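Residue numbers for the sequence shown follow this note's numbering, so the first one is 2 and each next one is one higher.
Below: one structure, written as structure tokens.
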Amino acid sequence: MEISNYMRDEHRMCDEAFAKAEQAVNEGDFKKAFEYFEEFMIDTLKHFDKEEEVLFPAFEAATLSTEGPTYVMKMEHNQVRGLLEQIKDAIDKEDKERFFSAADTLMILLQQHNMKEEQMLYAMCDNVLSDQASELVEKMKSH
Ligand SMILES: [Fe+2]
Ligand SMILES: [Fe+2]
């Protein structure tokens, strides 16, 4: 399996859970929103860990660079982590306005982030890590 396909599928899965959380908040169902958001948050943080602990180190070793695209991606992960906390807090307090303000910021950031990974970084990973692709995907699946 190609690295890019596996990672892209995870982005899609996370998007779906988040859309469901947004819909639940729209309907005023904060209990349901909490469940979907928690699923989204757990999956997203797990995806970040796979990147930071498995994929990025392999990419950095293959390209001998730790200051390139992976550095920027890791900074964006931290921005997302901060927003996730804010959104979780807004759901806890059933604050619709704060939820959507932070959720909009998160969606813009995450969409741009995922696009950069899919169009640039994952494509580069498929190239430079082709000889260890299946091994890396297995490692990420069990991470
Ligand atoms: Fe990422
Ligand atoms: Fe990603």
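Yeah, the Cβ is synthetic: ideal placement off N, Cα and C, and Gly gets one too.
In this text, all values refer to a predicted model and were calculated from it rather than measured experimentally.
Asked, Found
"Any non-hydrogen atom of ligand 2 closer than 8 Å to N115 Cβ", "yes"
"Rounded straight-line distance, which links the Cα of H12 to that of I88", "19 Å"
"Contact test: E95 Cβ vs ligand 2 heavy atom, cutoff 8 Å", "no"
"Endpoints, the alpha helix (DSSP H) within which M116 is located", "K97 to K117"
"Segment contact, 8 Å Cβ cut-off, at least three pairs: the stretch 55 to 64 with the stretch 117 to 131", "yes"
"Residue environment, I43, which counts as buried when at least 16 other CB atoms sit within 10 Å", "exposed"
"beta-carbon E54 near ligand 1 non-hydrogen atom, thresh 8 Å", "no"
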